[in-house]
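One structure below.
In this note's numbering, the protein residues as written are 318 to 450.
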């Protein structure tokens, strides 16, 4: 099978397994309206989702440079990580607002989930890889 044929087959496969809302503006707009009717703040949700991904990427890039590229861990790097953490927090708060949830409730639910996953408050590789929750 030549490379062009593989690429063509892959393109058809990707198209077949992509949702209608991802491929069709009218379906996408209807979906946005459905979510808006459920009280979801679509603009803020979009901002939060994209912003979290972007800021997480910036954070990962800094960590990658320190861990793998030999960049010195300096006060400047620490300050950048603090600032990126703040940006992540900003977008996280936007997500909480978008879906109408109290941020404290998010933290409480996270604690409950992790306490269930790691009984006794002890990390376990097995439980980390074979998650029940």
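Cβ atoms here follow ideal geometry from the backbone N, Cα and C, with glycine treated the same way.
For residue 412, the number of other beta carbons within 10 angstroms of its own is at least 16, and it is reported as buried. Per DSSP, the continuous alpha helix (DSSP H) segment holding residue 420 begins and ends at 420–434. Under the Cβ criterion (8 Å, minimum of three pairs), the segment 399–411 counts as touching the segment 365–375. Residues 411, 414 and 415 of the same chain have their beta carbon placed closer than 7 Å to that of residue 361, with the five preceding and five following residues left out of the count. Contact between residue 383 and residue 394 holds: their C-beta atoms lie close to 6 Å from each other, under 8 Å.
Contact between residue 379 and residue 398 is confirmed by a C-beta separation of about 6 Å, below the 8 Å threshold. Separation of residue 353 and residue 385 (C-alpha to C-alpha, rounded to the nearest whole angstrom) is 43 Å. Here the C-alpha atom of residue 396 lies approximately 10 Å from the C-alpha atom of residue 402.
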